[in-house]
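Asker:
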Amino acid sequence: MESRQSCRRAASGWRRGQGRVCMPRGRGPKGNWRLIQRAGAPRIRGMKQALIIGASGAIGGAVATHLEGQGVAVNRLSRRADGLDLTDAASVARALTGRGPYDLVLVATGALEIAGKGPEKALKEIDADAMAAQFALNAIGPALVLRHAGDLLPRQGRSVLAVLTARVGSIGDNRLGGWYSYRAAKAAANQIVHTSAIELARSHRDAIVTALHPGTVQSDLTARYLGRHPAVPPAQAAANLIRVIDGLGPQDSGQFYDWKGDSVPW
Numbered sequence: 001m002e003s004r005q006s007c008r009r010a011a012s013g014w015r016r017g018q019g020r021v022c023m024p025r026g027r028g029p030k031g032n033w034r035l036i037q038r039a040g041a042p043r044i045r046g047m048k049q050a051l052i053i054g055a056s057g058a059i060g061g062a063v064a065t066h067l068e069g070q071g072v073a074v075n076r077l078s079r080r081a082d083g084l085d086l087t088d089a090a091s092v093a094r095a096l097t098g099r100g101p102y103d104l105v106l107v108a109t110g111a112l113e114i115a116g117k118g119p120e121k122a123l124k125e126i127d128a129d130a131m132a133a134q135f136a137l138n139a140i141g142p143a144l145v146l147r148h149a150g151d152l153l154p155r156q157g158r159s160v161l162a163v164l165t166a167r168v169g170s171i172g173d174n175r176l177g178g179w180y181s182y183r184a185a186k187a188a189a190n191q192i193v194h195t196s197a198i199e200l201a202r203s204h205r206d207a208i209v210t211a212l213h214p215g216t217v218q219s220d221l222t223a224r225y226l227g228r229h230p231a232v233p234p235a236q237a238a239a240n241l242i243r244v245i246d247g248l249g250p251q252d253s254g255q256f257y258d259w260k261g262d263s264v265p266w
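Take 1 as the starting number for the sequence shown in the UniProt record's numbering and just add one per residue.
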């Protein structure tokens, strides 16, 4: 069993361009850690079929393009191209019924600002309708997709269903406050992912269901809120996410990871 500290020491010893990143195998800071290759253009092992929901967005589109460049057959779904309304159960059912199984399903949807309403800075700014809209898109939407997970994923063989959430949805990592509706909706999405993983493990033993934080990405969603925060282009974010997904095993299902492969507290 390798500690996180020794794993990272080993990772730092690799030459530039041939680096590796440490990933946890199992739960807890004292669990077993392993190295994942970080070189070149990453490809998910055994990947043949993928479904990208939210493919018209910056991250979803970049992941789809990256996988297609590696010869993966990618099905793209989005509101813009297909009229998919993630807040409507009937729309989600029409889009997903009869699809699958896939090696990868990525839910890359979400919004920080909905109908002109941005994140709150203070309690007095909380608006019931705006909060409901955040939950509808950022929490209930992924739940409606997960409702079909049993058909979208194969019952045997490795598969991944990843939902893009956000570090700001972490209760344990919240040090700044604010952004009440968005934080709460993402926290709810994390709980939905974790609970779904428990259920799916009973019927899809090799499936991995995970919540992923992609980092700060240059996109329409973040443009007004970047400030001095460093951001990466969508193509780099896609490569980061694929590396993390590639290193996950069934024992990692139900967990929350960031773009570096580090576990994020709930």
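Note that beta-carbon positions come from the ideal geometry of N, C-alpha and C, so glycine has one too. None of these values were measured; they are calculated from a predicted model.
I believe Phe135 touches Ala188 by the beta-carbon criterion, under 8 Å. Please report the beta-carbon distance rounded to the nearest angstrom.
Answerer: Right, the Cβ-Cβ distance comes to about 7 Å (below 8 Å), so this counts as a contact.
Asker: Can you say whether Arg224 is buried or exposed, counting buried as having 16 or more other CB atoms within 10 angstroms of its CB?
Answerer: That one is exposed.
Asker: Pick helix, strand or coil for Pro24, following the three-state DSSP scheme.
Answerer: Because Pro24 sits at a pLDDT of 49, beneath the cut-off of 50, its placement in the model cannot be relied upon, and the following sentence gives the value as read from the coordinates. Strand at Pro24.
Asker: Candidates Ile140, Thr65, Leu176: which alpha carbon is nearest Ala89's?
Answerer: Ile140
Asker: Would you mind stating whether Ile171 and Trp259 have Cβ atoms separated by less than 8 Å?
Answerer: no
Asker: Out of curiosity, what's the CA-to-CA distance linking Leu146 and Pro234?
Answerer: Leu146 and Pro234: Cα-Cα distance of roughly 25 Å.
Asker: How long is the line joining the alpha carbons of Thr216 and His148, rounded to whole angstroms?
Answerer: 29 Å
Asker: Output the residue ranges of the alpha helix (DSSP H) runs that lie fully inside the segment 151-226 and measure 4 residues or longer, sorted by chain position.
Answerer: Listed in chain order, the complete alpha helix (DSSP H) runs (minimum 4 residues) inside the segment 151-226 are 180-200.
Asker: Measure the beta-carbon distance from Ile192 to Ala108 and round it to whole angstroms, keeping in mind my assumption that it falls under 8 Å.
Answerer: The pair is not a contact, with the Cβ atoms about 16 Å apart (cut-off 8 Å).
Asker: Since Leu164 and Arg99 are thought to touch, with beta carbons under 8 Å apart, how far apart are those beta carbons, to the nearest angstrom?
Answerer: Separation of the CB atoms of Leu164 and Arg99 is rounded to 19 Å, and the pair is thereby denied contact status at 8 Å.
Asker: Could you tell me how far apart the beta carbons of Pro214 and Ala185 are, in whole angstroms, since I believe they sit closer than 8 Å?
Answerer: With 8 Å as the limit, Pro214 and Ala185 do not qualify as a contact, their Cβ atoms being about 16 Å apart.
Asker: Distance, Cα to Cα, Asn190 vs Arg202?
Answerer: 20 Å
Asker: Taking contact to mean at least 3 C-beta pairs separated by less than 8 Å, is the segment 78-95 in contact with the segment 114-123?
Answerer: In short, these stretches do not touch, since the Cβ pair count stays below three.
Asker: Mark Asp129 as exposed unless 16 or more other C-beta atoms lie within 10 angstroms of its C-beta, in which case mark it buried.
Answerer: exposed
Asker: Take Ser181 as the anchor and find which of Glu120, Gly57, Ile198 has the nearest alpha-carbon.
Answerer: Among Glu120, Gly57, Ile198, the Cα nearest to that of Ser181 is on Glu120.
Asker: Check the C-beta distance from Leu123 over to Ala162 and give it rounded, since I have them as a contact under 8 Å.
Answerer: No, Leu123 and Ala162 are not in contact; Cβ-Cβ is about 33 Å, not under 8 Å.
Asker: Which of the three DSSP states, helix, strand or coil, is assigned to Arg38?
Answerer: Residue confidence is low: Arg38 scores 44 on pLDDT, short of 50, so the model does not pin down where it sits. No coordinate-derived value is stated.
Asker: Just verifying my parser: in three-state terms, what is the DSSP assignment at Ser263?
Answerer: Correct three-state label for Ser263: strand.
Asker: Look at Gln156 and Thr210 and say whether their C-beta atoms are less than 8 Å apart.
Answerer: no
Asker: Ordered along the chain, which non-local residues of its own chain (more than five positions away) have a Cβ less than 8 Å from that of Leu84?
Answerer: Excluding sequence neighbours, Leu84 sits near Ile53, Leu77, Ser78, Ser91, Val92, Ala95.
Asker: Tell me the residue span of the beta strand (DSSP E) that contains Ala58.
Answerer: No beta strand (DSSP E) holds Ala58; the alpha helix (DSSP H) holding it covers 58-69.
Asker: Reducing DSSP to helix, strand and coil, say where Gly13 ends up.
Answerer: Unreliable positioning characterises Gly13 in this predicted model, as indicated by a pLDDT of 39, which lies under 50. The coordinate reading is nonetheless provided below. Coil.
Asker: Going straight from the alpha carbon of Asp220 to that of Gly249, what length do you get?
Answerer: 33 Å
Asker: DSSP three-state label for Gln255, please.
Answerer: coil
Asker: In whole angstroms, what separates the C-alpha of Gly69 from that of Ala55?
Answerer: 15 Å
Asker: Which residues does DSSP pair with Leu104 in a beta bridge?
Answerer: Looking at the DSSP assignment, Leu104 forms a beta bridge with Ala50, Val160.
Asker: Is DSSP giving Ala149 helix, strand or coil here?
Answerer: helix
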